[in-house]
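Undergrad:
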Amino acid sequence: MSENQNFLIGIIGSGPIGLECGLHALKHGYQFIIFESGDDIANNVRLWSHVQLFTPLNMNVSLLGKNLLKEEQDINAFLTGGEYIEHYLRHVSCLLQPNIRLHHRVISIGRFHTNRFIILVENKQSSCEEYFIVDCVIDASGTYSNPNFVGPSYLPAINERALQNKLQSPITYLIPHCNYEQVAGKRIVLIGKGYSAATSAVFLAKVKEAYPKTQLYWIIKQSIDHLPYCINPEDPLIQRRELVASANQIYANKNIFNEIYDKAAVTKFTLSTYSSTVDITIDSPHPTILNNIDYVIANTGSQPDRSLYANLNVQECYRTKGPIALAVKLLSSSSADCLKQTSHGTNSMLTTEKNFFIVGNKSYGKQTNFILQIGFEQVNDIFKLINEQC
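Going by the numbering used here, the sequence shown opens with residue 1, and the numbers climb by one from there.
#1: Out of Phe203, Thr199, Trp218, Ser108, point me to the one whose CA is closest to Arg241's CA.
#2: Look up Glu160 in the DSSP assignment and give the residues it is bridged to.
#3: Is it right to say Thr273 is buried, meaning 16 or more other beta carbons lie within 10 angstroms of its own, or is it exposed?
#4: Check the C-beta distance from Asp283 over to Thr267 and give it rounded, since I have them as a contact under 8 angstroms.
#5: Given a cut-off of 8 angstroms on the beta-carbon distance, is the pair Val359 and Cys136 in contact?
#6: Do the region 73-92 and the region 49-62 touch if we need at least three Cβ pairs shorter than 8 angstroms?
#7: What does a CB cutoff of less than 7 angstroms around Thr346 pick up in its chain, not counting 5 residues either side in sequence?
#8: Rounded to whole angstroms, how far is the Cβ of Ile9 from the Cβ of Val121, which I believe are closer than 8 angstroms?
#9: Excluding sequence positions up to five away, which residues of its chain have a Cβ less than 6 angstroms from the Cβ of Trp218?
#10: Three or more C-beta pairs closer than 8 angstroms, one from the region 309-316 and one from the region 107-116: is that the case here?
#11: Using a 10 Å radius around the Cβ and a threshold of 16 neighbouring Cβ atoms, would you call Ala210 buried or exposed?
#12: Secondary structure at Cys136, three-state DSSP: helix, strand or coil?
#13: Where do the ends of the alpha helix (DSSP H) carrying Phe149 lie?
#14: So, helix, strand or coil for Gly391, using DSSP?
#15: Which whole runs of the alpha helix (DSSP H) in the region 165-196 are 4 residues long or more, in chain order?
#16: Exposed or buried, which one is Arg101 when buried takes at least 16 other CB atoms within 10 Å?
#17: Counting only the same chain and skipping the five closest in sequence on each side, list residues whose C-beta sits under 7 angstroms from that of Phe149.
#18: Would Gly65 pass as a contact of Leu26 if the rule is Cβ separation under 8 angstroms?
#19: For Ile11, which three-state DSSP category applies?
#20: Taking Leu204 and Leu47 to be in contact with their CB atoms under 8 angstroms, please state how far apart those CB atoms are, rounded to whole angstroms.
#21: Assuming contact is defined by CB atoms lying nearer than 8 angstroms, are Thr214 and Lys206 in contact in what I supplied?
#22: Give the DSSP bridge partners of Val314, in chain order.
#23: Where does Ser223 land, buried or exposed, given buried means 16+ other C-beta within 10 angstroms?
#24: Can you tell me whether Asp39 is buried or exposed, with buried defined as 16 or more other CB within 10 angstroms of its CB?
#25: In its own chain, which residues sit with a C-beta less than 6 angstroms from the C-beta of Asn248, not counting the 5 before and 5 after it?
What follows is the structure in structure tokens.
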């Protein structure tokens, strides 16, 4: 038996990057377990399964994975998240199936003796907890399932946490995906200004067009002088360029959103005693309260859940909340174009905890310019580091 076969790797997450880690582990002959909290692979991707990617499929497959695509698959197609799962990630996962543990949520990671890790995992099907002892941990859990709160400085607004726990909660942190009839004639608040908020704004504009009695409100933290989104006419990602252009048109059209509040923050949700609606207190140059809101769409971004490795000695960047070595490289990079990024090499993937790696979107912390191509390169760099010591 080779030394590699005695080296067990725990991989957290079965999204594109977690599965890529599995492919590399398989290629190099390592033992590995992929922990997935959902009931199927790529649980985070499923949360935006209806949303089309900005990039074509050929930018979202790895060198190891592309041979698993069907011959008839158009590699230049722009897939939705759901299509990406079924046309690519599903094929990868089939190869790794014996090593994937669905319904297994990683709760915490610690050191076991001197050179191994102990992982506390909850089996969500049986409600039982179990320890796993591994030689290496790769955290590819992403950030999408850990959305930012909507309050000032991303603190929870008053009663926001209670609102989250309410049965049939009126607040969602996802891009809406429902029939127009479900929200027709309702009072709806959109919070945020990123690409997710732009996508939600386009959806809401279509609802308003079909059902003019629907009342829409948009809350934006930043101060807006003219339009909320900057358009780069040379943006090579046509879908992204078209999205921000549409969102700007919606913002400028006074007949779509009943009111738009910029330089504003939600400070309080007041739950109704007699209905499922909420009142929203807004702190802005013109403070106000929006009454009887039926739905709140909070697209305020996300950030890493760092509680998983709170018991490890991982040095983080105070600005990005990502691992320090990579953060230094990212913050010193002169390119603002996500497509012109390059991997920063093996040393950038090292953390201050030996054999613990953070990869993919989570490795970027609060930075928002991560792309999958970089993630695939990161995985390659990590396995170079692992191979050097095994």
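We treat Cβ as the ideally placed atom computed from N, Cα and C, and that holds for glycine.
TA: Short version:
#1: Thr199
#2: Its beta-bridge partners do not exist; DSSP assigns none.
#3: exposed
#4: 5 angstroms
#5: no
#6: yes
#7: Asp381, Lys384, Leu385
#8: Actually they are not in contact, since the Cβ atoms of Ile9 and Val121 sit about 15 angstroms apart, beyond 8 angstroms.
#9: Leu190, Phe257, Ile260
#10: yes
#11: exposed
#12: strand
#13: Counting along the chain, Phe149 falls outside any alpha helix (DSSP H), and DSSP gives it neither H nor E.
#14: In the structure as shown, the chain starts at 1 and stops at 390, and residue 391 therefore has no counterpart that could be examined.
#15: 180-183
#16: buried
#17: Leu155, Pro156, Ala157, Glu160
#18: no
#19: strand
#20: With a Cβ gap of about 19 angstroms, Leu204 and Leu47 do not count as contacting.
#21: no
#22: Per DSSP, none; premise fails for Val314.
#23: exposed
#24: exposed
#25: Leu227, Tyr229
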